[in-house]
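Data block below; observations after.
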Amino acid sequence: MADRHKAFVTAPFRGPGMETLQSVAEVVYDPWIEQIPLRILNGEQLAERLRAEGADILIVESDSVKGPVFEVPLVAIGSCRGDPNNVDVAGATAAGIPVLRAPGRNADAVAELTMALMFAVNRWIVPADHDVRAEQVYAGGKIPYQRYRAWQLAGRTAGVVGLGAVGRAAAWRFAGLGMRVLSYDPYNPDATHHTPAELDRMLGECDVVSMHAVVTPETERLIGAAQFAAMKDGAIFLNTARAMLHDTDALVSALQSGHLGGAGLDHFEGEHIAADHPLCAMQNVVLTPHIGGATYDTEANHSKLIADDVARILRGDKPVNCVNPEVLS
Ligand SMILES: NC(=O)c1ccc[n+]([C@@H]2O[C@H](COP(=O)([O-])OP(=O)(O)OC[C@H]3O[C@@H](n4cnc5c(N)ncnc54)[C@H](O)[C@@H]3O)[C@@H](O)[C@H]2O)c1
329 MADRHKAFVT
339 APFRGPGMET
349 LQSVAEVVYD
359 PWIEQIPLRI
369 LNGEQLAERL
379 RAEGADILIV
389 ESDSVKGPVF
399 EVPLVAIGSC
409 RGDPNNVDVA
419 GATAAGIPVL
429 RAPGRNADAV
439 AELTMALMFA
449 VNRWIVPADH
459 DVRAEQVYAG
469 GKIPYQRYRA
479 WQLAGRTAGV
489 VGLGAVGRAA
499 AWRFAGLGMR
509 VLSYDPYNPD
519 ATHHTPAELD
529 RMLGECDVVS
539 MHAVVTPETE
549 RLIGAAQFAA
559 MKDGAIFLNT
569 ARAMLHDTDA
579 LVSALQSGHL
589 GGAGLDHFEG
599 EHIAADHPLC
609 AMQNVVLTPH
619 IGGATYDTEA
629 NHSKLIADDV
639 ARILRGDKPV
649 NCVNPEVLS
């Protein structure tokens, strides 16, 4: 079929989304995540591959979509991310190419990691595991019950900062654990708190504070020394969103003083924390390397969101998650 569409896909793509895409286009599948070393294509390389394959649909996750890509006659660009920040959307719009995104693709994944970090911090899972492996169960002449007691989470209060896709997925999980759930989000009327003054008041009520806001000039360092001070003694601070949302030095001070009970973090500025950073020496801190979204389901979810929208565009319907719908009108 000479007029069949062809999709060049460098995002991991699986499940029903892949079937949908294959039903509307020939698929050239070359996922970046399977390359060792990892491969990220730039605009020139993408344009070259698109031309070599004769593809008119581009679906990416991390490749840099700009410049020469927009000289290729594409019917759609799919960015398998909530925020398609790897695509020059203005450039695509100028070229009349719709850009699709995949909101909420990893909401459940990040919310599950948030719960994992909360439990790990609260119940000392990492040092306790270490003791078992090191045959140090009676370290310091104390039984584990003496070293690793905790308050249960049921009946406590969780504060969700940023009630978007991940925040909502975290909120029902906190509620399901028997926790009272408060939330702060100036832009979501469903949140229980909406102004910065209300945020500070909310922090004073929470046993667990969990960050799920997007990074904006308004949310950068949203949680600083004053906000940590406003938290309850012994509170647990979780950030599976972005490190930019909190002041790391203030977090360290709040932990060192014993004011905070612990912290669980899945993100560091520059994706890195030095081995000699004070956080790395704290037993009540659990650190993971930005793996919140790392599930196969995330890939299946973004595949379905993007493929459904590509199919809509090809049959002349309005896509649901297009960031520049004006190019289609
Ligand atoms: N750890 C990971 O692997 C991982 C994966 C996905 C997303 N994330 C991060 O999680 C966060 C949430 O992602 P999402 O998909 O739910 O995004 P989203 O856009 O659905 O939700 C973000 C929420 O932040 C809110 N917000 C905006 N300004 C705010 C403010 N001043 N105060 C409080 N809230 C504010 C928005 O109203 C929105 O409800 C983002 O920071 C994202 O980068 C991390």
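The letter at position 223 of the sequence shown is residue 551 when you use the working numbering, and the numbering goes up by one with no holes. By construction, the Cβ of each residue, glycine as well, lies at the ideal position given by its N, Cα and C atoms. Computed from a predicted structure; not experimentally measured.
Simplified DSSP state of A330, which is helix, strand or coil: Residue numbering aside, residue 330 sits at position 2 when the sequence shown is read from its first letter. A caution first: A330 carries a pLDDT of 48, below 50, which makes its placement in the model unreliable, though a value can still be read off. It is coil, neither helix nor strand.
Identity of the residue in I364, M610, D384 and L374 nearest T338 by Cα: On the sequence shown, residue 338 is found 10 positions in, with the first residue counted as 1. Cα-wise, what sits closest to T338 is L374.
D411 Cβ short of 8 Å to ligand 1 heavy atom set: The count along the sequence shown starts at 1 and reaches residue 411 at position 83. Under cutoff, so the answer is yes.
Candidates G490, V356, P517 and F556, of which the one nearest T544 by Cα: Taking the first residue of the sequence shown as 1, we reach residue 544 at position 216. Taking only the C-alpha atoms, the option nearest T544 is G490.
Among G382, R377, S390 and E362, the one whose alpha carbon lies nearest that of I368: Looking up residue 368 in the sequence shown gives position 40. The residue with the shortest Cα to Cα distance from I368 is S390.
heavy atom of ligand 3 below 8 Å from Y515 C-beta: The model depicted lacks ligand 3 and carries ligand 1 instead.
CA-to-CA distance, D637 to P359, given in whole angstroms: Within the sequence shown, residue 359 is the residue found at index 31, counting from 1. Within the sequence shown, residue 637 is the residue found at index 309, counting from 1. Near 20 Å, if we compare the C-alpha coordinates of D637 and P359.
Alpha helix (DSSP H) runs wholly inside the segment 493 to 533, at least 4 long, in chain order: 493 to 504 and 524 to 531
G406 - containing beta strand (DSSP E), residue span: Locating residue 406 in the sequence shown gives position 78, where the first residue counts as 1. Run containing G406: A404 to S407, per the beta strand (DSSP E) assignment.
Contacts around D331, its chain only, beta-carbon distance under 7 Å, and the 5 residues preceding and following it disregarded: By 1-based counting over the sequence shown, the position of residue 331 is 3. Once the five neighbours on either side are set aside, D331 has no close Cβ partner at all.
Cross-strand partners of F341 (DSSP beta bridge): Here residue 341 is taken as the residue at index 13 of the sequence shown, counted from 1. DSSP output for F341 lists no bridge partner at all.
Cutoff 9 Å: P653 Cβ touching any chain D Cβ: In the structure shown, chain D does not exist; there is a single protein chain.
Extent of the continuous beta strand (DSSP E) to which E354 belongs: Translated into positions along the sequence shown, residue 354 becomes position 26. Where E354 is concerned, the enclosing beta strand (DSSP E) stretches over A353 to Y357.
Where T442 falls, given that 16 or more other Cβ within 10 Å makes a residue buried: Counted from its first residue, the sequence shown places residue 442 at position 114. Classification of T442: buried, given that the 10 Å Cβ count is 16 or more.
Inter-residue CB distance, V537 and L566 (contact presumed, cutoff 8 Å): Within the sequence shown, the letter at position 209 stands for residue 537. Within the sequence shown, the letter at position 238 stands for residue 566. With a Cβ gap of about 7 Å, V537 and L566 count as contacting.
Sufficient close CB pairs (3 or more, under 8 Å) joining the segment 602 to 609 to the segment 577 to 594: yes
Close Cβ partners of R484 (< 6 Å) along its chain, the five nearest in sequence each way excluded: The count along the sequence shown starts at 1 and reaches residue 484 at position 156. Within the same chain, R484 has close Cβ partners M507 and D535.
Helix, strand or coil at I361 [DSSP, three-state]: Translated into the one-based positions of the sequence shown, residue 361 becomes position 33. It is helical.
Cβ-Cβ separation, P431 to A456 (assumed contact under 8 Å), whole Å: Taking the sequence shown and counting its residues from 1, one reaches residue 456 at position 128. Taking the sequence shown and counting its residues from 1, one reaches residue 431 at position 103. Rounded, the Cβ-Cβ distance is 38 Å, inconsistent with contact.
In DSSP terms, what L369 is bridged to: For the purposes of this step, residue 369 is taken as residue 41 along the sequence shown, with counting starting at 1. In the DSSP output, where bridge partners are listed per residue, L369 has none listed.
Limits of the beta strand (DSSP E) - the one that S538 falls within: Taking the first residue of the sequence shown as position 1, residue 538 is located at position 210. That run of the beta strand (DSSP E) goes V536 to M539.
Own chain partners of G419 with C-beta closer than 6 Å, once the 5 adjacent residues on each side are dropped: The sequence position of residue 419 within the sequence shown is 91, counting from 1. So the list reads K394 and F398, once near-sequence residues are dropped.
Backbone secondary structure at T442 - three-state DSSP: Position 114 of the sequence shown, counted from the first residue, corresponds to residue 442. Looking at T442 - three-state DSSP - the assignment turns out to be helix.
Complete runs of the alpha helix (DSSP H) confined to the segment 559 to 624 [at least 4 residues]: 576 to 584
Nearest-angstrom Cα separation, counted from E376 out to L402: Reading the sequence shown from its first residue, position 74 is the one you call residue 402. Reading the sequence shown from its first residue, position 48 is the one you call residue 376. Approximately 13 Å between the Cα atoms of the pair.
Opposing strand residues paired with T485 [DSSP bridges]: Mapped onto the sequence shown, residue 485 falls at position 157. According to DSSP, T485 bridges with R508.
CA-to-CA distance, V352 to H639, given in whole angstroms: On the sequence shown, residue 639 is found 311 positions in, with the first residue counted as 1. On the sequence shown, residue 352 is found 24 positions in, with the first residue counted as 1. Sequence inspection shows Ala at residue 639; the His mentioned does not correspond to that position. Answer to the nearest angstrom: the Cα atoms are 6 Å apart.
A423, DSSP secondary structure in three states: Sequence index remark: in the sequence shown, residue 423 carries index 95 (1-based). Here A423 sits in coil by DSSP.
Rounded C-alpha distance that separates K646 from P514: Position 318 of the sequence shown holds residue 646. Position 186 of the sequence shown holds residue 514. So the alpha carbons of these two residues sit roughly 30 Å apart.
Cα-Cα separation, D384 to G620: Taking the first residue of the sequence shown as 1, we reach residue 384 at position 56. Taking the first residue of the sequence shown as 1, we reach residue 620 at position 292. Distance between the alpha carbons of D384 and G620 is about 32 Å.
Heavy atom of ligand 1 within 8 Å of N649 beta-carbon: Counted from its first residue, the sequence shown places residue 649 at position 321. The answer is no for N649.
Check: P431 C-beta below 8 Å from any heavy atom of ligand 1: Taking the first residue of the sequence shown as 1, we reach residue 431 at position 103. Checking the Cβ of P431 against ligand 1 gives yes.
Beta-carbon contacts of Y476 that lie in its chain and below 8 Å, excluding the five residues immediately before and after: Working through the sequence shown from its first residue, we reach residue 476 at position 148. Same-chain partners within the cutoff: R451, W452, P455 and A456.
DSSP three-state assignment for L386, whether helix, strand or coil: On the sequence shown, position 58 is the one that residue 386 refers to. Reduced to three states, the DSSP call for L386 is strand.
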